[in-house]
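Reviewing the structure listed below.
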Amino acid sequence: MPTLSGIIGFDTQVMVDWCLAQVNLHDRLFGAIIHPSLPSQSALLILRMSALPRLDYLTRVLPPSVLNAAMVSFDAMVLQSVIRKLQLPSPLSDEAQSLLRLPIRMGGCGIRSLLSVAPAAYFGAVAIAAPFILNTINLFTHAPPEDASPSLSSASSSSPPPPPSPLSFPLALTLLYSLPISRHLSDCITNLKQVGIPSSSPLLPPNTPDFWVLYGNGKRGLQKRLSQIIHTLSYDDLRLKTRDPLAKAQFIACGVKHSGSWLNTVPSSPELFLMDAHFALAVRLRLGLPPQEKLPLECKCGAVLKTDPAHFLSCKLLKRTIVTARHDMLVRQIASFVRSAGGSVFIEPKYLEGKRADAQIYFTSDISLMDVQVTHPAAPYYAISTNIASTPLGTARSREIAKHSKYDKQAKSEGASFYPFVMETYGGLGKEASVFVQKIGKLHAETSSFPINRNTFTTKMVKLLVLRYRRGMH
Ligand SMILES: [Zn+2]
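Residue numbers are given in this note's numbering: position 150 of the sequence shown equals residue 150, and the series is strictly consecutive.
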């Protein structure tokens with residue numbers, strides 16, 4: 001019987017069919033998401049923020065055994081929508097699918113699989129409801145606790161009722177263990193162990209009776225904690241499975257802070273909007289896919305494109321043209337940030353050819369020199385020859401050191417401090433670039449008549465930088 005936006009009953013098949021029907025109700029939503037008039041950037045945000053949570057409630061109130069078929073169907077609909085919207089290859093490789101499903105902070109695209117989180121969701125929901133369930137059983141079996149008897153009125157109050165001690169009520173225990181909920185919990189525990197949650201985890205009881213002992217008082221936040229462990233396990237599994245050093249470098253670089261900020265950017269103004277072709281290209285880069293299908297076997301420089309899908313980001317033939325244009329665009333963008341924050345900037349003319357740092361920045365308290373570089377961690381030099389890319393932001397750090405040795409002397413002679421502004425092609429900002437961004441944010445807070453929150457300003461800056469870069473890459 002459908003009730004309270006879920007379904008209850010003993011006929012499992014009827015419940016399974018009802019869940020599948022709930023998934024099919026989303027046909028129109030997915031149709032709208034893949035509609036050509038909706039930009040890809042907005043479509044993916046709507047998919048993640050609005051479509052994916054649509055069935056969250058069901059994962060909390062219905063056991064995975066009832067929901068599984070519906071979750072498989074829903075996950076497939078989500079995947080097909082992403083593939084069609086971004087014109088990704090179909091079928092998508094297992095590695096790319098795993099990356100798509102990982103959280104953004106771990107280097108993925110945040111398109112989580114409901115099937116994989118359903119056991120944790122149900123388990124966590126029952127843990128919250130446990131004291132109420134125990135209390136109800138206690139009332140049914142008329143077994144008063146030794147001290148105070150929990151009553152229905154205490155169950156409906158804001159604080160959970162004190163649980164009776166299960167071991168002291170054999171009748172209550174018999175009833176509890178015969179309920180379908182105990183069987184569903186047992187399935188969840190088995191399933192959580194299968195996905196890799198260790199038996200020794202303090203969150204996971206060895207069996208159902210222990211569940212009631214462990215969570216009889218109720219426990220909040222279990223779904224989140226278990227999901228985090230499951231995501232970390234997928235991340236570790238993917239990292240270990242990735243043998244190709246270029247793919248490994250890409251995976252590590254996509255997991256650094258801010259590298260996925262463009263996926264969270266709401267296109268609320270033209271400068272924050274990414275065209276469909278650029279957005280799809282950025283997703284392809286993040287998933288380790290080539291920039292387009294049917295590439296020739298080799299680049300003009302002789303590099304084999306099949307083994308290095310992101311070769312064009314490190315091709316020596318493009319250095320003088322596209323790479324230089326991208327560099328100049330970033331310098332201008334940072335300069336415009338500084339000016340909008342109330343500082344002055346002098347950009348060195350091009351004919352100096354790198355003999356001086358890219359720009360002089362006049363802050364209220366000091367003068368800084370800044371030199372910009374975009375570096376590609378999955379270039380064979382960083383990922384194979386030197387292994388620098390095996391450390392998060394290691395590639396950016398190596399360029400920071402090189403720039404210090406080149407420009408520190410100039411900065412010292414001019415009484416200025418020097419900041420290498422290094423950005424990785426996957427979106428990561430070098431540590432010193434992050435410090436510099438904070439410095440601009442501080443300046444904005446000091447000089448503006450209407451200072452905005454420093455964190456808001458700096459976050460916007462980083463997002464803009466990443467978006468600008470994506471545009472420049474195309
Ligand atoms: Zn090349």
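Glycine included, every Cβ here is placed at the ideal spot set by N, Cα and C.
Buried or exposed, going by whether 16 or more other CB atoms sit within 10 Å of the CB of residue 18? What you label residue 18 is simply residue 18 of the sequence shown in a count that begins at 1. It counts as buried.
With a Cβ-Cβ cutoff of 7 Å, do residue 208 and residue 222 count as a contact? For the purposes of this step, residue 208 is taken as residue 208 along the sequence shown, with counting starting at 1. For the purposes of this step, residue 222 is taken as residue 222 along the sequence shown, with counting starting at 1. No, the Cβ-Cβ distance between residue 208 and residue 222 is not below 7 Å.
Separation of residue 65 from residue 187, as counted between CA atoms: Translated into the one-based positions of the sequence shown, residue 187 becomes position 187. Translated into the one-based positions of the sequence shown, residue 65 becomes position 65. Roughly 8 Å between the two C-alpha positions.
Are the CB atoms of residue 424 and residue 396 within a distance shorter than 7 Å? Here residue 396 corresponds to residue number 396 of the sequence shown, with the count starting at 1. Here residue 424 corresponds to residue number 424 of the sequence shown, with the count starting at 1. Residue 396 is a Cβ neighbour of residue 424, given a cutoff of 7 Å.
Quick check on the DSSP output: the beta strand (DSSP E) that includes residue 307 runs from which residue to which? Numbered from its first residue, the sequence shown carries residue 307 at position 307. Careful: residue 307 lies outside any beta strand (DSSP E) and carries neither H nor E.
Assuming residue 375 and residue 435 form a contact by the criterion Cβ under 8 Å, report the distance between their Cβ atoms to the nearest whole angstrom. One-based indexing of the sequence shown puts residue 375 at position 375. One-based indexing of the sequence shown puts residue 435 at position 435. 17 Å between Cβ atoms; not a contact.
Does DSSP put residue 375 in a helix, in a strand, or in coil? By one-based count along the sequence shown, residue 375 stands at place 375. Three-state DSSP puts residue 375 in a strand.
Residue 271 - DSSP class collapsed to helix/strand/coil: For the purposes of this step, residue 271 is taken as the residue at position 271 of the sequence shown. Residue 271: helix per DSSP, three-state reduction.
From the DSSP output, read off the bridge partner residues of residue 256. If you number the sequence shown from 1, residue 256 lands on position 256. Per DSSP, none; premise fails for residue 256.
Answer yes or no: the CB of residue 246 versus the heavy atoms of ligand 1, is any distance below 6 Å? The residue labelled residue 246 in the question sits at position 246 within the sequence shown. Incorrect: residue 246 has no Cβ contact closer than 6 Å to ligand 1.
At the level of alpha carbons, what is the spacing between residue 362 and residue 38? Indexing the sequence shown from 1 puts residue 362 at position 362. Indexing the sequence shown from 1 puts residue 38 at position 38. When rounded, the distance between both Cα atoms is 43 Å.
CA-to-CA distance, residue 383 to residue 245, given in whole angstroms: Within the sequence shown, the letter at position 245 stands for residue 245. Within the sequence shown, the letter at position 383 stands for residue 383. Rounded to the nearest angstrom, the gap between the Cα atoms of residue 245 and residue 383 is 6 Å.
Alpha carbon to alpha carbon, what distance is there between residue 415 and residue 370? Residue 370 sits at position 370 when you count from the first residue of the sequence shown. Residue 415 sits at position 415 when you count from the first residue of the sequence shown. So the alpha carbons of these two residues sit roughly 14 Å apart.
Helix, strand or coil, according to DSSP, for residue 210 in the structure here? Here residue 210 corresponds to residue number 210 of the sequence shown, with the count starting at 1. Here residue 210 sits in helix by DSSP.
Leaving out five residues before and five after residue 337 in sequence, what residues of the same chain have Cβ atoms less than 6 Å from its Cβ? Within the sequence shown, the letter at position 337 stands for residue 337. Once the five neighbours on either side are set aside, the close Cβ partners of residue 337 are 440 and 461.
Can you grab the Cα-Cα spacing for the pair residue 6 / residue 343, in whole Å? Within the sequence shown, residue 6 is the residue found at index 6, counting from 1. Within the sequence shown, residue 343 is the residue found at index 343, counting from 1. Whole-angstrom Cα-Cα distance: 58 Å.
Taking residue 46 as the reference, give the member of 57, 211, 81 and 69 with the closest Cα. Here residue 46 refers to the residue found at position 46 when the sequence shown is read from its first residue. Nearest option by C-alpha distance: 81.
Could you check whether residue 218 and residue 130 sit closer than 7 Å to each other, using their CB atoms as the reference points? For the purposes of this step, residue 130 is taken as the residue at position 130 of the sequence shown. For the purposes of this step, residue 218 is taken as the residue at position 218 of the sequence shown. Yes.
Residues bridged to residue 368 by DSSP? For the purposes of this step, residue 368 is taken as the residue at position 368 of the sequence shown. According to DSSP, residue 368 bridges with 361 and 417.
Please return the same chain residues whose Cβ sits closer than 7 Å to the Cβ of residue 96, not counting the five positions on each side in sequence. Against the sequence shown, residue 96 aligns to sequence position 96. Only 287, 288 and 289 meet the Cβ criterion.
If you follow the beta strand (DSSP E) that residue 345 is in, where does it begin and where does it stop? Here residue 345 refers to the residue found at position 345 of the sequence shown. Element bounds for residue 345: 344-347.
Own chain residues within Cβ distance below 6 Å of residue 313, not counting five before or after: Locating residue 313 in the sequence shown gives position 313, where the first residue counts as 1. Taken in chain order, the residues that qualify are 376 and 425.
Just the Cα atoms here: how many angstroms apart are residue 339 and residue 447? Numbered from its first residue, the sequence shown carries residue 339 at position 339. Numbered from its first residue, the sequence shown carries residue 447 at position 447. Their backbone Cα atoms lie some 11 Å apart in a straight line.
Residue nearest to residue 285 in terms of C-alpha spacing, selected from 271, 308 and 299: Here the question's residue 285 lines up with position 285 in the sequence shown. The candidate whose alpha carbon is nearest that of residue 285 is 308.
Of the residues 400, 327, 278 and 120, the one placed nearest residue 194, counting alpha carbons only: Counting from one through the sequence shown, the residue named residue 194 turns up at place 194. That would be 120, whose Cα lies nearest to the Cα of residue 194.
In the DSSP assignment, find the alpha helix (DSSP H) that holds residue 94 and state where it starts and stops. Locating residue 94 in the sequence shown gives position 94, counting from the first residue. It spans 94-101 - the alpha helix (DSSP H) in which residue 94 sits, taken as one unbroken run.
Quick one, which of 432, 292, 311 and 251 has its alpha-carbon nearest residue 389's? Counted from its first residue, the sequence shown places residue 389 at position 389. A check of alpha carbon separations from residue 389 across 432, 292, 311 and 251 identifies 251 as the nearest.
Here's a check: name, in chain order, each residue in its chain whose Cβ is nearer than 7 Å to the Cβ of residue 101, leaving out the five neighbours to either side. Counting from 1 along the sequence shown, the entry for residue 101 is found at position 101. So the qualifying residues of the chain are 108, 111, 112 and 113.
Alpha carbon to alpha carbon, how far is residue 118 from residue 227? Give it in angstroms, no decimals. The residue given as residue 227 occupies position 227 in the sequence shown. The residue given as residue 118 occupies position 118 in the sequence shown. Looking at the two C-alpha atoms, the distance is approximately 9 Å.
Mind checking who residue 424 pairs with in its DSSP beta bridge? Within the sequence shown, the letter at position 424 stands for residue 424. In DSSP, residue 424 forms a bridge with 375.
Spatial neighbours of residue 431 within its chain, please: CB distance less than 8 Å, with the 5 preceding and 5 following residues excluded, ordered by chain position. The count along the sequence shown starts at 1 and reaches residue 431 at position 431. Answer for residue 431: 393, 396, 397 and 400, listed in chain order.
Confirm the yes/no value for this check: CB of residue 315, any heavy atom of ligand 1, distance under 6 Å. Within the sequence shown, numbered from 1, the residue matching residue 315 stands at position 315. Within the cutoff, so yes.
Going by DSSP, name the residue or residues bridged to residue 441. Along the sequence shown, read from residue 1 onward, the residue named residue 441 stands at position 441. BP columns for residue 441 are empty, so no partner.
Sorted by chain position, which residues of the same chain lie with C-beta nearer than 6 Å to residue 147's C-beta, five sequence neighbours on each side aside? What you label residue 147 is simply residue 147 of the sequence shown in a count that begins at 1. Residue placement at residue 147 cannot be trusted, given a pLDDT of 49 that sits under 50; what the coordinates show is reported in the next sentence. Residues of the same chain with their beta carbon placed closer than 6 Å to that of residue 147 are lacking, with the five preceding and five following residues left out of the count.
Return the residue from the list 86, 255, 49 and 296 that minimises the CA-CA distance to residue 105. Residue numbering aside, residue 105 sits at position 105 when the sequence shown is read from its first letter. That would be 255, whose Cα lies nearest to the Cα of residue 105.
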